[in-house]
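Trainee:
Chains as they are written, first to last, in the numbering used here: chain A, 1 to 572; chain B, 1 to 572.
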C-alpha cells in the first residue's frame with residue numbers, strides 16, 4: 001500500500017507543482033512573501049517514505065490516490081514541462097540565501113556611527129524610535145503608523161530587528177530591505193554588530209505537508225492547492241486543502257486543550273474538547289477562501305503586496321462540530337440581551353502566538369451571530385476526520401461566507417466585546433482600499449475589515465498559455481460568493497464578451513436559501529478552432545457580477561482579486 | 001398659503017421636469033413603455049389650484065415648499081432650457097394618437113378571411129391559439145411561451161385582444177404591433193370588425209400625482225423622481241417618491257380593509273387595519289428601488305425592454321407599521337416549525353387586479369423571514385403619514401434590501417406556501433438573463449426572480465452633457481446595495497479610472513450591521529478645468545464593486561442596470 005500511495009504522489013506532483021511558477025512568472029509581492037530557499041530539499045523530504053509512513057495520514061492518502069487516478073495520465077509533454085519548470089525554481093532558489101545581504105550589511109561612510117547603547121535610548125515617540133539591523137541604524141518613528149504589522153514593530157524599539165525578523169521571515173526580502181534603508185540614519189559600531197546566529201527555529205516540529213501543495217511561503221507555511229485539483233471533488237481533500245498560516249503552528253494536546261468563553265453578558269466558562277463534543281454535532285459544507293486568492297492576476301500590471309496566490313487559495317470542506325451559539329448559550333448567551341446594545345463584536349483568539357505572546361486574532365460583528373441563518377461552527381472535524389494540525393487542531397471556528405482570515409484556527413478564546421479584535425490582521429491587513437491608496441498614504445481606519453466576499457470564478461482545468469488541440473475543449477472551474485449568496489450562473493466568452501455561453505453548474509446552490517456557504521463547480525464544452533482568450537464570470541443570487549478587469553478594483557494589498565478570469569489558449 | 005405652495009411648485013417644475021427628455025433622448029423601450037400622449041394637458045391640470053387645494057396634500061406640500069427653496073434659484077438659462085424642452089415634449093406627444101394605427105388596421109390581400117366564430121374555435125393548444133386585433137387574425141400558439149405577461153394572453157384565446165390591451169395599454173406601441181404582425185395568418189371579416197369604442201377606463205379615479213414626477217407611463221401610472229431631488233433629503237418626500245404601478249390603483253376603504261393570513265402551519269386569520277395597528281409599532285428606514293432603475297443607460301447601445309427610467313426609480317423612506325413576524329405569530333407562526341421543512345415561500349397578494357381578477361403578486365423564500373436580522377414590515381405609514389394611495393394605502397409590505405417589485409402594495413393576503421408566487425412578475429418579468437438571451441430564446445426557468453440587488457451609484461446633481469463653469473464643481477448622488485449590505489466607499493474618477501477620489505458619504509451606513517436597508521447620499525468637490533467624463537462607482541460591505549460598463553451585464557429586460565454612472569460635463 002505504501003508503495004502505491006507513494007507512486008501516486010509521484011505521478012501527481014509533476015503535473016501540479018511546478019507549472020505555476022512558469023505561468024505566473026515572477027511574483028509581485030514586496031512585503032509578506034518570500035520565495036522559499038529550501039523548497040527543493042523539502043519537497044524531496046516530503047516525497048520520501050517517511051511522510052507516507054505516517055499512519056494518521058493513511059486515510060487521506062487513500063482519498064488522494066483516487067484523485068491521483070485522474071491526474072495520473074501524465075504525458076511526456078507534461079513531464080518535460082515539469083522538468084523545465086523545476087529547474088527554473090531551482091535557479092531562482094539558488095539566487096537567494098537564507099540571509100540576504102544588502103545595504104544593511106554595509107557601513108555608509110557619510111552617516112555617523114552609534115553604539116548599541118545609544119540606539120537603546122530611542123525606544124519611544126518622545127525620543128524617536130530607533131532600531132538596528134545588521135550594520136544599519138534606522139529611525140522608524142514615521143514608519144510605525146504605516147507598518148502593516150501594527151505596533152508590533154515597537155517590540156524592537158531601541159534594539160535590533162534581527163530576532164523579530166527570524167520569527168517573521170516574510171520581512172527577509174529585498175523589497176523590505178529597500179523600504180528599511182529609507183529610514184537609515186547611521187551605522188552600528190562594529191563591535192556591536194553580532195554575526196547573525198542560527199536563531200531558535202520557531203517553526204520546528206511543524207506538520208509535514210503534502211507535496212502537491214504549492215509553497216507560497218515556508219515560515220510561516222503557506223501552501224496553495226493546485227487549481228487543477230479543485231474541480232476533482234466538491235469537498236477538497238484535507239491534505240491538499242490550501243494552508244494559510246500567519247504564525248508558527250502551535251502544538252496542542254487534545255487532552256489538555258481548553259476553550260475559554262467570556263465577555264459582555266456571558267459567564268466566563270472553560271470547555272474541554274470533550275465538553276464541546278457533548279453539544280449537538282452539526283455539519284455544514286463551506287468554502288473557505290483566502291482574501292488574497294488570485295492575487296497574482298491583480299498584480300500583473302501593477303505590483304501588489306502579499307503572497308503570490310493563483311486561484312488555489314480556496315477550498316470547500318465538510319466542517320463538523322458544535323454550533324457556536326449552542327456553546328455560547330451554555331455560558332449564558334441570550335440573543336435578546338443584545339437587542340438594544342450598541343454594536344458588539346465576537347472576538348476569536350488563536351493559540352498561535354509570536355514571541356511577545358500576542359496571538360492571531362479576528363472578530364466579526366455580533367449581528368452575524370444574531371442572524372438566525374448564520375452557521376458559525378466550532379469545528380473539530382474536517383471532511384469527517386479530526387481537524388488536521390495545519391487547519392486548527394483540535395478546534396477552529398468556521399465562519400461560512402466570510403473571508404478565511406476570520407475563521408481562526410487553534411481556537412483558544414471566544415469573547416463578546418465592545419471593540420473589534422485589535423490584531424493587525426483585523427485592523428490593517430485584510431482591508432481593501434481605493435485604487436489610489438498606497439501603503440504610504442493609507443489611513444487604515446478608512447476601510448472596514450473584509451467580512452463577506454464578492455462573487456468570483458476561476459478556470460481550473462487550463463493554465464494561461466496552455467496549448468490545446470483544435471476542436472472540443474472541456475473547461476472546468478469553480479465559482480463562489482460570500483454572504484450565503486448562491487451562484488445563479490457562470491458564463492464563458494470566447495470573443496471578449498461579444499457573446500456568452502452559460503456553463504453547466506453543480507447543483508450545490510440553493511437559490512431559495514440564504515445559506516449558500518459552498519462553491520459550485522462548473523464545466524463547459526467549447527470549440528476551439530484558433531488561439532482564443534477565454535473569459536469566465538459568475539453571477540450570484542444578489543445578481544452581483546464580477547468586474548471585467550482589475551484596473552479599478554486594484555488595491556495595494558492585492559485583496560479580493562475577483563475580476564473575470566481570463567486565460568489564453570493556443571490552438572494547435 | 002395656497003398661492004405660496006403653488007408658486008413653489010411652479011418654480012420647481014421647470015428645473016426638474018423636462019430636462020430628462022432632452023438629456024435621455026429617444027427612449028429605447030419596445031415593450032412596456034408608452035410615451036404618454038396626454039402629458040401636457042395633465043401637467044396643466046396638476047399645476048392648477050385644484051390640485052393644491054386638496055387638504056390631504058397640504059403637509060406634503062409644505063415639505064416640498066422647503067425643498068423648492070433650494071431648487072427655487074431659477075436662472076434665466078434654466079427657464080429657457082425648460083421652455084425649449086417642454087416644447088420638445090409637446091412635439092413628441094403630437095406625433096402619437098391614443099390608438100396607433102398599423103398593419104392590423106389593413107386587409108392583407110394575400111391572406112384568407114375568417115369570421116369571428118372561426119377565430120373562436122381556436123382557443124387552446126390542440127386547436128392552435130388564435131386571436132384577433134382590429135382587422136388582423138393571428139396564430140399566437142408559439143408566442144404564448146415567451147409572452148412576458150405569461151399565460152394571461154390565453155384570456156384572449158379565440159377572441160379579440162382589444163379589451164385586454166385597453167387594460168394593459170403598454171401593448172399599444174408600434175414595436176408590439178410589429179411583433180404581433182409576425183403571427184398574422186388572416187383577416188377578420190369586415191362585419192366582425194367593431195370600431196374601437198371608448199372602453200371602460202380602469203384607471204379612472206386614480207390619485208393625482210405631483211407634477212414633479214417624470215411620467216414614464218400613464219396607464220398604469222409610472223412616475224420617476226427627478227434625480228436632482230433625491231439628494232435633497234435622506235427620506236424622499238412622499239409626493240415625489242417614484243411610483244411603479246403594474247395595474248390600476250385599487251380604491252380601498254380603510255374601514256373595510258382586511259388582510260388575510262394563511263398557509264402551511266398557520267391558522268387562517270383575518271386582520272383589519274385596526275388589528276394591525278395593535279401590534280408593536282416599529283419603524284425602519286429603507287430604500288426601495290425598481291429593478292429597472294437606470295434602464296436607459298443599459299439601453300443606450302442595445303435596445304432593452306421596459307419603462308425608460310433614468311436614475312430616479314429609487315427612493316428612501318421611513319416605513320412604520322407592524323413587523324410581519326409579529327402578525328404571523330398571532331396566526332400561529334413558529335419559526336422552529338419550519339426548520340426541517342423543504343424550502344417554502346411567503347407569498348404576497350395585492351388588491352390591484354386585472355379584469356380576470358388576477359392580482360399583482362410576489363413572494364420571497366421563507367428563509368428571509370426566518371433570518372433574525374430581516375425586517376419585513378406591514379407598513380401603514382410612510383414618512384410619518386398614512387401610506388399614500390399610490391404607495392399602497394392602507395397597507396403594503398416593505399421587504400428591505402430586496403427589489404421593489406416584491407414589496408407588494410394594497411396588500412390583501414400573506415400566505416406561506418410550497419410554491420413561489422405564480423404571477424408573471426415573479427415567474428418571468430423581474431429576472432435577469434445572460435447577455436446572449438433574447439425574448440425569443442429565453443427559458444424563464446433558467447434564472448431566479450431578483451431578490452436582493454447589487455451595489456449601484458448615481459450622480460444626481462448633474463446630467464450628461466451639462467455645461468459647467470471651469471473651477472470647483474460639487475457633485476452629489478446616492479449609492480445603495482441590497483441584502484442589508486452597507487456602502488463602504490463611493491469613488492469618483494475624472495480620468496476614466498486612472499485615478500480615483502473618495503467621496504464624502506452620509507453617516508447612514510453602519511458597516512458593523514447586516515441591516516443596511518437605506519442608501520447613502522454622497523458628495524464630492526471636483527475641479528473641472530476642461531471637458532470631462534465623470535465616473536462614479538460604489539463598493540459595498542461585501543466588497544462588491546459595480547461593473548465598469550453595461551456590455552457584459554446587458555439583459556433584454558434592462559434590469560439591474562448597475563454599471564458605473566458616467567456623465568460628460570462640458571467646461572466653459
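Backbone N, C-alpha and C fix where the C-beta goes; we use that ideal spot for every residue, glycine too.
Please check the pair residue 344 of chain A and residue 418 of chain A, which I expect to be a contact at CB under 8 Å, by giving their CB distance rounded to whole angstroms.
Mentor: Position 344 of the first chain, counted from the start, is the residue given in the question as residue 344 of chain A. Position 418 of the first chain, counted from the start, is the residue given in the question as residue 418 of chain A. About 6 Å separates the two Cβ atoms, so the contact holds.
Trainee: To which residues of the same chain is residue 548 of chain B closer than 6 Å at the C-beta, ignoring the five residues directly before and after it?
Mentor: Taking the first residue of the second chain as position 1, residue 548 of chain B is located at position 548. Cβ neighbours of residue 548 of chain B beyond the five flanking positions: 564.
Trainee: Taking the alpha carbon of residue 429 of chain B as the point to measure from, which residue in B/123, B/106, B/151 has its own alpha carbon closest?
Mentor: As a position in the second chain, residue 429 of chain B is number 429, starting the count at 1. Out of B/123, B/106, B/151, B/151 has the C-alpha closest to the C-alpha of residue 429 of chain B.
Trainee: Consult DSSP for residue 476 of chain B and reduce its assignment to one of helix, strand or coil.
Mentor: As a first step, residue 476 of chain B is located in the second chain; it is residue number 476 there, counting from the start. Three-state DSSP puts residue 476 of chain B in a strand.
Trainee: Please give the ranges of any beta strand (DSSP E) in the region 234 to 282 of chain A, keeping only runs that are unbroken, at least 3 residues long and fully inside the region.
Mentor: As far as the region 234 to 282 of chain A is concerned, its whole beta strand (DSSP E) runs of at least 3 residues are 258 to 263, 269 to 272.
Trainee: Since residue 492 of chain A is in the alpha helix (DSSP H), which residue starts that stretch and which ends it?
Mentor: For this step, residue 492 of chain A is matched to residue 492 along the first chain. That residue, residue 492 of chain A, is in no alpha helix (DSSP H); its beta strand (DSSP E) goes 487 to 493.
Trainee: According to DSSP, is residue 318 of chain A helix, strand or coil?
Mentor: Looking up residue 318 of chain A in the first chain gives position 318. Strand, per DSSP.
Trainee: Give me the Cα-Cα distance between residue 307 of chain A and residue 405 of chain A, rounded to the nearest whole angstrom.
Mentor: For the purposes of this step, residue 307 of chain A is taken as the residue at position 307 of the first chain. For the purposes of this step, residue 405 of chain A is taken as the residue at position 405 of the first chain. Each residue's Cα considered, the two are about 14 Å apart.
Trainee: Hey, how far is the Cα of residue 241 of chain B from the Cα of residue 223 of chain B?
Mentor: Along the second chain, read from residue 1 onward, the residue named residue 241 of chain B stands at position 241. Along the second chain, read from residue 1 onward, the residue named residue 223 of chain B stands at position 223. Each residue's alpha carbon lies about 8 Å from the other.
Trainee: Within the 8 Å Cβ cut-off, does residue 448 of chain B reach chain A?
Mentor: By one-based count along the second chain, residue 448 of chain B stands at place 448. By this cut-off, residue 448 of chain B is an interface position.
Trainee: Give a yes or no on whether the C-beta atoms belonging to residue 453 of chain B and residue 294 of chain B are separated by under 8 Å.
Mentor: Reading the second chain from its first residue, position 453 is the one you call residue 453 of chain B. Reading the second chain from its first residue, position 294 is the one you call residue 294 of chain B. No, the pair does not count as a contact, with Cβ atoms beyond the cut-off.
Trainee: Residue 516 of chain A by DSSP, collapsed to three states: which one?
Mentor: For this step, residue 516 of chain A is matched to residue 516 along the first chain. In this structure, residue 516 of chain A counts as coil in the three-state DSSP scheme.
Trainee: Could you tell me which of A/346, A/296, A/215, A/156 sits nearest to residue 260 of chain A, measuring between CA atoms?
Mentor: Taking the first residue of the first chain as 1, we reach residue 260 of chain A at position 260. For the residues A/346, A/296, A/215, A/156, the minimum Cα distance to residue 260 of chain A belongs to A/346.
Trainee: Which same chain residues, not among the five before or five after residue 561 of chain B, have their C-beta less than 6 Å away from its C-beta?
Mentor: If you number the second chain from 1, residue 561 of chain B lands on position 561. So the qualifying residues of the chain are 294, 295, 297, 298.
Trainee: Have a look at residue 509 of chain B and residue 402 of chain B and give me their C-alpha separation to the nearest angstrom.
Mentor: For the purposes of this step, residue 509 of chain B is identified with residue 509 of the second chain, where counting begins at 1. For the purposes of this step, residue 402 of chain B is identified with residue 402 of the second chain, where counting begins at 1. The alpha-carbon atoms of residue 509 of chain B and residue 402 of chain B are separated by roughly 17 Å.
Trainee: Using 8 Å as the Cβ pair cut-off and three pairs as the minimum, do the region 111 to 129 of chain A and the region 178 to 193 of chain A touch?
Mentor: Contact holds: three or more Cβ-Cβ distances are below 8 Å.
Trainee: Spell out a yes or no on whether the region 249 to 269 of chain B and the region 408 to 423 of chain B are touching, meaning 3 or more CB-CB pairs, one atom from each, closer than 8 Å.
Mentor: The answer is yes - the region 408 to 423 of chain B touches the region 249 to 269 of chain B, with three or more Cβ pairs under 8 Å.
Trainee: What first and last residue would you give for the alpha helix (DSSP H) that runs through residue 181 of chain A?
Mentor: Working through the first chain from its first residue, we reach residue 181 of chain A at position 181. Its alpha helix (DSSP H) spans residues 174 to 181.
Trainee: Report the three-state DSSP secondary structure of residue 310 of chain B (helix, strand or coil).
Mentor: Within the second chain, the letter at position 310 stands for residue 310 of chain B. It is coil, neither helix nor strand.
Trainee: May I ask you to list, following chain order, the residues of the region 336 to 354 of chain B that have a beta carbon less than 8 Å from some beta carbon of chain A?
Mentor: The residues in question are 343, 345.
Trainee: Less than 8 Å between the CB atoms is what I'm expecting for residue 243 of chain A and residue 354 of chain A, so what's the real figure, rounded?
Mentor: For the purposes of this step, residue 243 of chain A is taken as the residue at position 243 of the first chain. For the purposes of this step, residue 354 of chain A is taken as the residue at position 354 of the first chain. Their Cβ separation, rounded to whole angstroms, is 18 Å, which puts residue 243 of chain A and residue 354 of chain A out of contact at 8 Å.
Trainee: CB of residue 465 of chain A to nearest heavy atom of the ligand SAM: below 7 Å?
Mentor: Among the components modelled here there is no ligand, and therefore nothing to report on the ligand SAM.
Trainee: Counting only C-beta atoms, is residue 565 of chain A closer than 8 Å to chain B at any point?
Mentor: Within the first chain, numbered from 1, the residue matching residue 565 of chain A stands at position 565. Output row for residue 565 of chain A: interface = no.
Trainee: At 7 Å on the CB atoms, spell out the chain B contacts of residue 452 of chain A, in chain order.
Mentor: What you label residue 452 of chain A is simply residue 452 of the first chain in a count that begins at 1. In chain order: 542.
Trainee: Residue 434 of chain A CB to nearest chain B CB: under 8 Å?
Mentor: The count along the first chain starts at 1 and reaches residue 434 of chain A at position 434. Yes - at least one Cβ of chain B is within 8 Å of the one on residue 434 of chain A.
Trainee: Note the first and the last residue of the continuous alpha helix (DSSP H) segment covering residue 366 of chain B.
Mentor: Counting from one through the second chain, the residue named residue 366 of chain B turns up at place 366. Per DSSP, residue 366 of chain B belongs to the alpha helix (DSSP H) from 366 to 370.
Trainee: From the DSSP output, which residues share a beta bridge with residue 130 of chain B?
Mentor: As a position in the second chain, residue 130 of chain B is number 130, starting the count at 1. B/139.
Trainee: Compare the C-alpha of residue 475 of chain A against each of A/110, A/217, A/230 and name the closest.
Mentor: As a first step, residue 475 of chain A is located in the first chain; it is residue number 475 there, counting from the start. Out of A/110, A/217, A/230, A/230 has the C-alpha closest to the C-alpha of residue 475 of chain A.
Trainee: Should residue 246 of chain B go down as buried or exposed, given a rule of 16 or more other Cβ atoms within 10 Å for buried?
Mentor: Indexing the second chain from 1 puts residue 246 of chain B at position 246. Buried: at least 16 other Cβ atoms inside 10 Å.
Trainee: Would you mind telling me which residues of chain A sit closer than 8 Å to residue 512 of chain B, beta carbon to beta carbon, in chain order?
Mentor: Residue numbering aside, residue 512 of chain B sits at position 512 when the second chain is read from its first letter. Neighbours of residue 512 of chain B on chain A, chain order: 343, 345, 365, 367, 448.
Trainee: For residue 537 of chain B, return the contacting residues in chain A, with the cut-off set at a CB-CB distance below 8 Å.
Mentor: As a working mapping, residue 537 of chain B is identified with position 537 in the second chain. Result: 552.
Trainee: Going by DSSP in three states, residue 386 of chain A sits in which element: helix, strand or coil?
Mentor: The sequence position of residue 386 of chain A within the first chain is 386, counting from 1. Looking at residue 386 of chain A - three-state DSSP - the assignment turns out to be strand.
Trainee: Using only CA atoms, which one of A/284, A/440, A/289 lies nearest to residue 375 of chain A?
Mentor: Here residue 375 of chain A corresponds to residue number 375 of the first chain, with the count starting at 1. Among A/284, A/440, A/289, the Cα nearest to that of residue 375 of chain A belongs to A/284.
Trainee: Chain B beta carbons: is any one of them nearer than 8 Å to that of residue 371 of chain A?
Mentor: Sequence index remark: in the first chain, residue 371 of chain A carries index 371 (1-based). Chain B contact via Cβ: present.
Trainee: For residue 110 of chain A, count neighbouring C-beta atoms within 10 Å of its own C-beta (all shown protein chains included) and say buried if the count is 16 or more, exposed if not.
Mentor: Locating residue 110 of chain A in the first chain gives position 110, where the first residue counts as 1. That one is exposed.
Trainee: Could you list the residues in the region 404 to 424 of chain B with a C-beta less than 8 Å from some C-beta on chain A, going in chain order?
Mentor: Here the close residues number zero.
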